[in-house]
Amino acid sequence: MKTIRIILSSALLAFAVLVTNQATAQTATKQTAQPSAKAKALYGTWTFIGSETFSMPQDPNDKQKGDVLTLNADGTFRFVMDGTEHKGKFTIDASATWITLTDAATNEVFKLKVLEKTAKRLKVDYRDKDDVHNILIYEMK
163 MKTIRIILSS ALLAFAVLVT NQATAQTATK QTAQPSAKAK ALYGTWTFIG SETFSMPQDP
223 NDKQKGDVLT LNADGTFRFV MDGTEHKGKF TIDASATWIT LTDAATNEVF KLKVLEKTAK
283 RLKVDYRDKD DVHNILIYEM K
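Sequential numbering from 163 applies to the sequence shown in this note's numbering.
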């Protein structure tokens, strides 16, 4: 009888440890990694101030005068390019080099490569559908 009690107690203890480990593992996988300080430095509203073609600066044209890139801390964005507004969710890779925007309405994806980032200036490379590089320059006001 004493042996059966020891076996049952051991089995119950092993089961409790197993359930606790599974619950801990599930909680750990649900937690998302916190954005780096470099990624957080990209948050805010960036106003389009021009572009570059073959290292030659160009002022915004009439369609681009209201263009902006807004990255919110909650993972949402507003991206106006050539006067067309896109809204949805964004991600930033661990090195804060790639910003991936996914339009909620159209599922269109925009990948922006950060070429230069200072406190007030952001320069990105966006490849359009024709694989043409577009160097876009923004300013934090």
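Ideal Cβ positions, reconstructed from N, Cα and C, are used throughout, including at glycine.
Since the structure is predicted, the reported quantities are computational estimates derived from the model, not experimental observations.
In this structure, the straight-line span from the alpha carbon of Lys282 to that of Tyr205 is close to 12 Å. Taking a contact to require three or more Cβ pairs closer than 8 Å, the region 258-272 and the region 212-226 do not qualify as touching. Judged by beta-carbon spacing, Asp229 lies within the 8 Å limit of Pro222, meaning their Cβ atoms are closer than that value. Around the CB of Gly237, fewer than 16 other CB atoms lie within 10 Å, so the residue is classed as exposed. For Lys282, there is no enclosing beta strand (DSSP E), as DSSP gives it neither H nor E.
In the DSSP assignment, Lys251 falls within the beta strand (DSSP E) that extends over 246-254.
A Cβ-Cβ separation of about 6 Å places Lys275 in contact with Val286 under the 8 Å criterion. DSSP places Leu231 in the uninterrupted beta strand (DSSP E) bounded by 230-233.
Within its own chain, the residues whose Cβ lies closer than 7 Å to the Cβ of Thr262, once the five positions on either side in sequence are excluded, are Phe252, Thr253, Val271, Lys273, listed in chain order.
Leu231 is a Cβ neighbour of Tyr300, given a cutoff of 8 Å. Taken through DSSP and simplified to helix, strand or coil, Gln220 comes out as strand. A direct Cα-to-Cα measurement between Pro197 and Ala203 gives close to 10 Å.
In the DSSP assignment, Leu298 falls within the unbroken beta strand (DSSP E) covering 295-302. About 5 Å separates the Cβ atoms of Trp208 and Leu284, confirming a contact at the 8 Å cut-off.
In the DSSP assignment, Ile261 is bridged to Ile254, Leu274.
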